[in-house]
Amino acid sequence: MSSADLPLHASVEVPPAISWTDRLHGWVATVDHKRLGVLYVASGLVFLLVGGSQASMMRMQLFYAGNDLLSPEVFNRFFTVHGTSMVFFVGMPLVIGIANYLLPLMIGARDMAFPRLNAWGFWMFLFGALLFYFSYVGADGLYGAGTAPDVGWFAYSPLTGKAFSRGNSTDYWVLGILVAGFGSISAAINMIATTLTMRCRGMTLGRMPLFVWMMLVVSWLILVAMGPLTAAQVMLLFDRFLGAHFFDTQAGGDAVLWQHFFWFFGHPEVYILIIPGFAYASEIIPVFSRKVIFGYPVMVAATCAIGLLSLGVWAHHMFVVGLGKGVTSWFVVATMLVGVPTGIKIFNWIGTIYGGKLHFRVPMLFCTAFLFQFLIAGLTGIMLAAAPFDWQLSDSYFVVAHFHYVLIGGLVFTIFAAIYYWFPKVTGRMLSERLGRWHFWLFVVGFQLTFTTMHAQGLLGMPRRIYTYSADRNWEIWNQITTTGVLFQALGIAVFVCAIFHALRRGEPAGDDPWNAWTLEWSTSSPPPEYNFAEEPEVKSRRPLWDLKHPDDPDWRHE
Amino acid sequence: MPRLRLAESSLLFVGLAFCTRVAGALSGPAQAPISTPSIFAPVSRPAVVIDAYAWLVVAVCGVIFVLVAGLLCFALLRFRLRGDDDGREPPQVYGSNPLELAWTLIPLITVFLLSLVSIRVVGELQLETRPPDWMPVTVVGHQWWWELHYPELGITTANELHVPVSDPASPRPTFLNLQSQDVIHSFWIPQLAGKMDVVPGRQNHVWVEPARTGVYVGQCAEYCGTQHANMLLRVVVHTPEDFERWARGQQRQAVSEASVAEGRDLFLRTACVSCHTVRGTPAAGRVGPDLTHLMSRATLGAGALRNDAANLNAWIQSPDHFKPGVHMPAMGLQDAEINLVAGFLATLK
């Protein structure tokens, strides 16, 4: 689509010399879903580097038994800040940001339903994150050195009570997440409203790309899950500032109450983070297999089933807290049931690959690794769901291995796939295939070294969150392999950063549709104009560009 | 558990060779003293039952992994783009109801069966009726040490749980009543039993029935503050005779030797007594570990360092050096005074 035949285009043509202040103002004041998406993703990646550095420091501390590189205080802050950052300030903004950019494009809309709410949500997230990190200097009230939170990312009471967590570090943890949570809730409302009201002509619910379906389920989950978290945080603030006793066991409060509130949020949160990974894979795997997604209706149903089931499994995080037989049994069954729709997805992706013509470009490489890693993550999930086994595995390094398999092996790998896949659309330039392969192989080797060995440490009785261990436990060699893997991952990330800057300066021009793909975002220019589409598109099937490219055998004949 | 064994043997055969190899590697050389608390080297009933069950789950998951990953590998290799590709799109397959029904139902059935076995094991391990001849012990979690009471024997000690061995003919299980003084901790001796949280305001229970004598190590498994890493626990499993001997020793009051009277007086004059108890003296503090038989224990500071005269001296001088953040303060004593106090404590056998 050239700009010449669009009268609208002429009026928004950027003047040639634009000062950096104007440019900055443009980014700060923007309500464009695409710019906000880029802002979300860029901030998420910055926090990924920060959180990754904290993890690397912890791994260096654990390289030797009895090492004293980090003091226990610093180590405990690192794992708290690392966990909190990765979930709330890396996972959430990347997931929301990618959806923010793509969702309107995929449904043929010109923006989100509420553009200004969209901008507000982003700034809430960013300032929430900055408020949280401000604890490093400000948690003692700006006098002397600050102290970051050190209560763990799920902040179990009563460790968070005034009696055990003095100063204000825990308050920064609460407030940072609370504020960022406002942003997540607004983003969820916006995505639901956009999906339900802004679809282009012909795009029925049954014709939405799977990406859009999955983000719709994720948005509902955010709405349902953030409420209890927010409530728990407000209760904790009451305890800390107003002398309430919700979680104060010394005064008759209940320590386990916090866990119910937190995990009622926390478990859906896992799906809030992993379903977008499924969403990227469900768009990328078909394109690089050159086949339509296998079993679209079942994929949608499985996503909804996962969403629903995820609301009824939270207490599997609490199997060792002393639940009764009945409660334990319920949560064992419910949790194992999640394996069924998740299994369906894996089989349907294999069904998509089967009989295709597989182009192993970088996005597909990341998706391939994702399939294997997510399979393992799912199976270790079954082991953790099996309550008696969990009584041994819970709070050990096995759990750490499991959820990093989910969140890195599942989510981060697919986010990399998504970035390599959609970067050309966002910037108009291709990421280097050669650097991408280096990134992939370094990262996959590093990931396996680090997180596969962590399973062993857990089976050998090593609890998580310990800053030191004695040599006679024989855990050292496993920890050393784990730490070595971090080096490979860090190199992979370094290559990734280089690839991004290289592409921004000298990347090959991408054209509108570099992957010969089928969804609407590839029908507009790269990068898309501010208004996305000059004319509202009209679709007849789930793959409008396939119909365009194959008029002899369009999709709508088969759906 | 005959039924589980049956199910296990029928399902395990596929992964058996692989599993035993991994198990061997994980549990270390069989004869060497085991200091690695591997969950696959159980010596006590709850852990033994969990071990058998765990291998069943691992075997089921292993079979699923081999099948699915194998299928995936085959698809990836078989359908990769070939050099002689004609550039045409492959046939578009939109789905298959029979296939999708199959990969819904088969996992459903697997989940159903696995759930049944799991519920059975849950029931088996959460004992409702206690066998005769059991010994109660109350475990109290503190930041960052374990307080242990034997209500029937009148013993109070810390960080080192002593229990008698159970032989199958006359089992002597120990039932632990878990309580917390401050925040949530978790009691975990991997070779004896699964972990159980120690929650303030609640009483949780766990039981052990060790079949072999020896020392089994574990530690707090729920993050509980600065020194969570140094909240270690040792379980010493004795023969019945040794256990009687140990219990009689612990029941005695502290014996004051005249040679350390000066150190004893100094100990009683300083703030040590507001936290520590030495039975047989006026020291009756309840905040820190009972020191009546301090030297019968192998470690100081809940496992932070080995317990000997030199370490005891250094520990009193600066607990924070060995366990940064520990609640026990350095008392600001002169070197000579520390020697006196340590000399007294070293006689508390």
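So the sequences go chain by chain: A and B. According to the working numbering, the first sequence is numbered sequentially starting from 162. According to the working numbering, the second sequence is numbered sequentially starting from 218. Beta carbons: idealized from backbone N, C-alpha and C, even for Gly.
For E444/A, same chain residues with a beta-carbon under 6 Å away, outside a window of 5 residues either side, are F372 in chain order. With contacts defined by Cβ atoms closer than 8 Å, S261/B and V425/B form a contacting pair. A distance of 8 Å or more separates the beta carbons of F329/B and Y515/A. When rounded, the separation of the alpha-carbon atoms in V312/A and A260/A is 32 Å. Within the region 354-418 of chain A, the complete alpha helix (DSSP H) runs of at least 4 residues fall at 371-403.
Along the region 633-646 of chain A, the positions whose C-beta sits under 7 Å from a C-beta of chain B are D633, R634 and N635, read in chain order. Residue pairing for I338/A: DSSP places it in no beta bridge. The bridge partners DSSP lists for A375/B are E364/B. Per DSSP, the beta bridge partners of P353/B are F392/B. S403/B belongs to the set of residues whose beta carbon lies under 8 Å from a beta carbon in chain A. By the C-beta criterion, the region 462-481 of chain B is judged not to be in contact with the region 540-550 of chain B, since fewer than 3 inter-stretch pairs fall below 8 Å. Chain B has no Cβ within less than 8 Å of the Cβ of P389/A.
Contacts with chain A at 8 Å (Cβ-Cβ) do not include Q470/B.
Straight-line measurement puts the Cα of I580/A at about 15 Å from the Cα of W599/A. Sequence-distant Cβ neighbours of H428/A in its own chain, meaning closer than 7 Å and more than five residues away, are S471, V474, W475 and H478. Among the residues of chain A, those whose CB is under 8 Å from the CB of F296/B are S450, I514, Y515, G516, G517, K518 and L519, following chain order. A residue is called buried when at least 16 other Cβ atoms come within 10 angstroms of its Cβ; A375/B meets this threshold and is buried. If you check each beta-carbon in the region 274-285 of chain B against every beta-carbon of chain A, the ones closer than 9 Å belong to V274, V275, V277, C278, G279, I281, F282 and V285.
Here P502/A is near A466/A, since their CB atoms are less than 8 Å apart.
Check the Cα spacing between R703/A and each of N693/A, V567/A, D716/A and H711/A: the tightest is with D716/A.
In the structure shown, E637/A falls within a helical segment according to DSSP collapsed to helix, strand and coil. When rounded, the separation of the alpha-carbon atoms in W510/A and F455/A is 7 Å.
When Cβ-Cβ separations below 8 Å define contact, G435/B makes contact with chain A. Between the alpha carbons of N421/B and Q343/B lies a distance of about 11 Å. Contact annotation: the region 225-236 of chain A does not touch the region 552-559 of chain A, with fewer than three C-beta pairs closer than 8 Å.
Shown here, M413/B sits in a strand according to DSSP, grouped into three states.
For S318/A, no beta strand (DSSP E) segment is defined, and its DSSP state is neither H nor E. Where H402/B is concerned, the enclosing beta strand (DSSP E) starts and stops at H402 to F404.
A straight-line Cα-Cα distance of about 29 Å links Q609/A and M376/A. When CB distances to chain A are screened at a threshold of 7 Å, the residues of the region 415-430 of chain B falling below it are V416, P417, G418, R419 and N421, in chain order. For F533/A, the closest C-alpha among the options G304/B, Y367/B, Y433/B and F282/B is that of F282/B. Per DSSP, the unbroken alpha helix (DSSP H) holding H616/A starts and ends at E594 to L620. For Q222/A, the closest C-alpha among the options K710/A, V656/A and I627/A is that of I627/A.
With its beta carbon at least 8 Å from every one in chain A, T346/B lies outside the interface. Neighbours of I627/A in chain B, taken as residues at a C-beta separation under 7 Å, are given in chain order as H445 and A446. With a threshold of 8 Å between beta carbons, V501/A makes contact with chain B.
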